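Chemist: Residue numbers (my numbering): 124 to 1047.
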């Protein structure tokens, strides 16, 4: 790790000599120095492993020298089966894997060099592991260097096939290589791998990771006719003697279940264990073969049926058969020949196993119900039995692995079967209590997710015991946080995070129950205090979300005290969490504005945080959030007497504009604060602008502000930002005491407003198109999901060409989407979620605001009106006509609504007829 850190920071800039050093020791006659130099080279390659191709130039330059050397070295080492020789070979393979894992450097690994490397990999995969290793305990054999070396060779060929050697599934730069790889190497390597599977069939030892990578390679081979032709005669034996065997309950499973059931649960639900598991690889191969090759599924189902119907069945084989069937559930439920038989299968072969005295069969029964939770039951009694058996396993079973599987199965049935939800409704409380008990005992994140989903499904029922439930969750969270191994075990962090999300879900569910929320607030504040006290920064986002949920309806005195505590946290951890604080700070401003303004300290804290972000080096995302919050304050407090704050707000955002701004979002957000100030009090803003002077900017900044605003009107995106800009420009054009800077841009104001209105119009259109496109994509995905390769004997070139064309079409479609700027720029911006008084339904209407302002100008100052409208083209005049028509329509609609509600009618009518916009062609 030390060496990697040094290389990361000093290569190539400060330590180019590392390449020469490695080269020197690699060429040494003393083999004792080889391992050290290979380890150094490995760290050099690892440093660039995840970098983009264009960032790997220093590595590529070094590997131009080293790759031929280590290739020659491994060829020399291959005949020597000694421990040290194989250790060196393994290290060379690890270097090669890190080099090609995410990008294949074709300038280094061309067809000629790849031929030598593939022969090296094939030789290592095919060679015999020394027989004396069989004397080693089976649990220790995977760590032997001979098996590890074989594993890395397999790792490489599987990765090459999957990422670069599979025509139709590669990016453009690898198309030629993929065709070469498939024709030249795929079958030869697969031949060796079939030998490994045959060894496994013959009960010879094969290391788990070697078996896993072998199955992964074959999974890729199923979809190509050239490899499928070779695999096809063996597929039934592979399915029955390898895949099925791997998927059966084993001695090591039983040993772990009995000795440490909690560790058994952790192993079964750990995604990292899944990644390296032969069982997962076997499932994937079986699924792909059954989906893509039509003869596989019927034969495998027939095989499983024989096992399930044997009178004197082997329970482990029965577990394997159900494991196979459950793994294929998605496919079976889409095939008419099978889907109608699945309910009977559950009734005859799964339900009875809930009474088995073998825990693993009871757990498997729950798992199968989970797999078939989307099944359309024809007999309601069977669905009721499925729910009842699963619920009973959850609440009454004595073995924790069974309870965990039951929890996940029950939640899945409830989500997918409307009637199941009704069956469980009377039992929600005991079910939730049992789920909490399981989480407390196992700290399993999957069950935490189950609780979260159940809360959403049964929100009314949960509200009645939400306080007890939250108290339990808080205790579990505290236990996890105080445990000695907390920091070392990543699972605990994930589970603790899940608990916080679950509590947040409860808060959402009970938000309309004020008295319950008040009780939950005390519990949540203890959790928040614990996290802040222990400085567990990975949970800051979650506790800030809790605080947000507690302030959505009202803000208690205790939550106002939290603002001061968060300010102290902000001072320490400063900018990093400001964006996470934003929803909570927004609530402080908008939910209880009276209390915010009743104590000057509150507003001072929020302003100070925004100022520190805008004057520091927080990054532009945080700065956008800070500027947005200032805008929200100005709009929220219009007419509430914060005149003394406006100059401070305007100064800090305009000062930020005088420094380098990379994104248009930050530029427009800073401008928007000043525009909001213009809306708050035009005279106050203009007076502030005249007083402001910044270094390197002689004179008042009024003209600079106006010019920047006019230049950036096309950068205001989303609905709120455009509306704010339209209102601001409308105020600007209506000013009676106009600064000269406004007169100077007279011809730009109305065209800019028209452009903004066009953007608002297109927002609606674009969203409709996006919805249609998403629906189309879903249909296309469903069609692809059901795609079965029509023939075993199709020509490889035709297949790859078809797949390649399909892939290229998809690439082109994605490129078109990337180029479709309309969709990107017209979507609601991220900051628009922070609402202001201008965003509520009955707020100021931008169409009416603008048309009224322009009408006022026309009636009051004809010369100024002429300057504003003279530059308009015929098309722009037509657009203006449409805006006036729409404004009148919106005015009438609002008036009608108020009349229906018993309110007063509008006095100002007939604006459209009063407005004179010159000669416009009347062909609408």
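Cβ atoms here follow ideal geometry from the backbone N, Cα and C, with glycine treated the same way. This one's a predicted model, so the numbers in the text were calculated from it and none came from an experiment.
#1: Could you give the DSSP three-state label for residue 817: helix, strand or coil?
#2: Report buried or exposed for residue 723, applying the criterion of at least 16 other Cβ atoms within 10 angstroms of its Cβ.
#3: Go through its chain and collect everything with a Cβ distance to residue 780's Cβ below 8 angstroms, but skip five positions before and after it.
#4: Go to residue 345, then tell me how far its alpha helix (DSSP H) extends in each direction, as first and last residue.
#5: Ignore the nearest five residues each way along the sequence and tell me which others in residue 703's own chain have a CB closer than 7 angstroms to its CB.
#6: Assuming residue 582 and residue 632 are in contact, meaning their beta carbons sit under 8 angstroms apart, how far apart are those beta carbons, in whole angstroms?
#7: Is the beta carbon of residue 629 closer than 9 angstroms to that of residue 578?
#8: Please give me, in chain order, every unbroken run of the alpha helix (DSSP H) with length at least 4 that falls completely inside the segment 330-398.
#9: Go to residue 304, then tell me how far its alpha helix (DSSP H) extends in each direction, as first and last residue.
#10: Go through its chain and collect everything with a Cβ distance to residue 350's Cβ below 7 angstroms, but skip five positions before and after it.
#11: For residue 677, which of helix, strand or coil comes out of DSSP?
#12: Going by DSSP in three states, residue 528 sits in which element: helix, strand or coil?
#13: With DSSP as the reference, label residue 550 as helix, strand or coil.
#14: If you run the structure through DSSP and keep just helix, strand and coil, what is residue 624?
#15: Using only alpha-carbon positions, find the residue among 584, 496 and 576 that is nearest to residue 543.
#16: Between the alpha carbons of residue 249 and residue 243, how many angstroms are there, rounded?
#17: Would you kindly work out how many angstroms separate the C-alpha atoms of residue 371 and residue 235, rounded to a whole number?
#18: Measuring CB atoms only, is the segment 332-344 touching the segment 272-287, in the sense that at least three cross pairs come out at less than 8 angstroms?
#19: Do you know how far the Cα of residue 393 is from the Cα of residue 595?
#20: Three or more C-beta pairs under 8 angstroms: does that hold for the segment 677-687 against the segment 712-721?
#21: Can you tell me the Cβ-Cβ gap for residue 270 and residue 330, rounded? I've got them flagged as a contact below 8 angstroms.
#22: Is the beta carbon of residue 272 less than 9 angstroms from the beta carbon of residue 175?
#23: Among 423, 987 and 965, whose alpha-carbon lies nearest the alpha-carbon of residue 1024?
#24: Here's the rule: buried if 16 or more other CB atoms are within 10 angstroms of the residue's CB, otherwise exposed. What is residue 514?
#25: For residue 173, does the count of other Cβ atoms within 10 angstroms reach 16, so buried, or fall short, so exposed?
#26: Put residue 496 into one of helix, strand or coil per three-state DSSP.
#27: Three-state secondary structure (DSSP) at residue 839?
#28: Just the C-alpha distance for residue 441 and residue 475, rounded to the nearest angstrom, thanks.
#29: How is residue 436 classed by DSSP in three states: helix, strand or coil?
#30: Report the residue from 807, 493 and 562 whose alpha carbon sits nearest the alpha carbon of residue 539.
#31: Starting from residue 202, trace the alpha helix (DSSP H) both ways and give me its first and last residue.
#32: Sort 417, 423, 676 and 375 by Cα distance to residue 365 and report the nearest one.
#33: Look at residue 201 and residue 232 and say whether their C-beta atoms are less than 9 angstroms apart.
#34: Report yes or no: do three or more beta-carbon pairs, one from the segment 561-571 and one from the segment 372-390, lie closer than 8 angstroms?
#35: Does the pairing of the segment 635-642 with the segment 596-607 give three or more beta-carbon distances under 8 angstroms?
#36: For a test of the three-state rule: what should DSSP assign to residue 266, helix, strand or coil?
Modeler: Considering the structure as presented:
#1: Within the chain shown, numbered from 1, the residue matching residue 817 stands at position 694. For residue 817, the three-state secondary structure derived from DSSP is strand.
#2: Start at 1 with the first residue of the chain shown, and residue 723 comes out as number 600. Exposed, since its Cβ has fewer than 16 Cβ neighbours within 10 Å.
#3: Looking up residue 780 in the chain shown gives position 657. Closer than 8 angstroms at Cβ, skipping near neighbours: 790, 793, 794 and 831.
#4: For the purposes of this step, residue 345 is taken as the residue at position 222 of the chain shown. Unbroken run through residue 345: none, as it is neither H nor E.
#5: Along the chain shown, read from residue 1 onward, the residue named residue 703 stands at position 580. Excluding positions up to five away in sequence, the list reads 663, 664 and 667.
#6: Counting from 1 along the chain shown, the entry for residue 582 is found at position 459. Counting from 1 along the chain shown, the entry for residue 632 is found at position 509. The pair is a contact, with the Cβ atoms about 4 angstroms apart (cut-off 8 angstroms).
#7: Position 455 of the chain shown, counted from the start, is the residue given in the question as residue 578. Position 506 of the chain shown, counted from the start, is the residue given in the question as residue 629. Contact flag set, yes.
#8: You should have 331-344, 348-354, 367-370, 374-382, 384-392 and 394-398.
#9: Within the chain shown, residue 304 is the residue found at index 181, counting from 1. First-last of the alpha helix (DSSP H) with residue 304: 298-304.
#10: As a working mapping, residue 350 is identified with position 227 in the chain shown. Once the five neighbours on either side are set aside, the close Cβ partners of residue 350 are 309, 310, 313 and 344.
#11: Here residue 677 refers to the residue found at position 554 of the chain shown. Three-state result, residue 677: coil.
#12: In the chain shown, residue 528 corresponds to position 405, counting from 1. Residue 528: helix per DSSP, three-state reduction.
#13: Locating residue 550 in the chain shown gives position 427, where the first residue counts as 1. The answer is helix: DSSP assigns residue 550 an H, G or I state.
#14: To locate residue 624, count along the chain shown from 1; it is residue 501. It is helical.
#15: Locating residue 543 in the chain shown gives position 420, counting from the first residue. In terms of CA proximity to residue 543, 496 leads the group 584, 496 and 576.
#16: Mapped onto the chain shown, residue 249 falls at position 126. Mapped onto the chain shown, residue 243 falls at position 120. As the crow flies, the alpha-carbon of residue 249 is around 10 angstroms from that of residue 243.
#17: Stepping through the chain shown from its first residue, residue 371 is reached at position 248. Stepping through the chain shown from its first residue, residue 235 is reached at position 112. Rounded to whole angstroms, residue 371 to residue 235 spans 44 angstroms at the Cα level.
#18: Because the criterion of three Cβ pairs below 8 angstroms is met, the segment 332-344 and the segment 272-287 touch.
#19: Residue numbering aside, residue 595 sits at position 472 when the chain shown is read from its first letter. Residue numbering aside, residue 393 sits at position 270 when the chain shown is read from its first letter. Note on geometry: alpha-carbon atoms of residue 595 and residue 393 lie some 25 angstroms from one another.
#20: They touch, by the three-pair rule.
#21: Taking the first residue of the chain shown as position 1, residue 270 is located at position 147. Taking the first residue of the chain shown as position 1, residue 330 is located at position 207. Indeed, because the Cβ distance is near 4 angstroms, the residues count as touching under 8 angstroms.
#22: On the chain shown, position 149 is the one that residue 272 refers to. On the chain shown, position 52 is the one that residue 175 refers to. No, Cβ-Cβ distance for residue 272 and residue 175 is not below 9 angstroms.
#23: Against the chain shown, residue 1024 aligns to sequence position 901. The residue among 423, 987 and 965 with its C-alpha nearest the C-alpha of residue 1024 is 965.
#24: Translated into the one-based positions of the chain shown, residue 514 becomes position 391. With 16 or more other Cβ atoms within 10 Å, it is buried.
#25: Your numbering for residue 173 matches position 50 in the chain shown. Residue 173 counts as exposed, since fewer than 16 other C-beta atoms from the protein chains shown sit within 10 angstroms of its C-beta.
#26: For the purposes of this step, residue 496 is identified with residue 373 of the chain shown, where counting begins at 1. DSSP places residue 496 in coil when its eight states are reduced to three.
#27: Taking the chain shown and counting its residues from 1, the one referred to as residue 839 is at position 716. In the three-state reduction of the DSSP assignment, residue 839 falls in the coil class, being assigned neither a helical nor a strand state.
#28: As a working mapping, residue 441 is identified with position 318 in the chain shown. As a working mapping, residue 475 is identified with position 352 in the chain shown. So the two alpha carbons sit approximately 12 angstroms from each other.
#29: Along the chain shown, read from residue 1 onward, the residue named residue 436 stands at position 313. Look at residue 436 here: in three-state DSSP terms it is coil, with no helix or strand label.
#30: If you number the chain shown from 1, residue 539 lands on position 416. The option with the nearest alpha carbon to residue 539 is 493.
#31: As a working mapping, residue 202 is identified with position 79 in the chain shown. Per DSSP, residue 202 belongs to no alpha helix (DSSP H) and is neither H nor E.
#32: What you label residue 365 is simply residue 242 of the chain shown in a count that begins at 1. Comparing Cα positions, the closest option is 423.
#33: Taking the chain shown and counting its residues from 1, one reaches residue 201 at position 78. Taking the chain shown and counting its residues from 1, one reaches residue 232 at position 109. No, these two residues do not count as a Cβ contact at 9 angstroms.
#34: Yes, the segment 561-571 is in contact with the segment 372-390.
#35: Remark: fewer than three beta-carbon pairs, one from each stretch, lie closer than 8 angstroms, so the segment 635-642 and the segment 596-607 are not flagged as touching.
#36: Along the chain shown, read from residue 1 onward, the residue named residue 266 stands at position 143. Three-state DSSP puts residue 266 in a helix.
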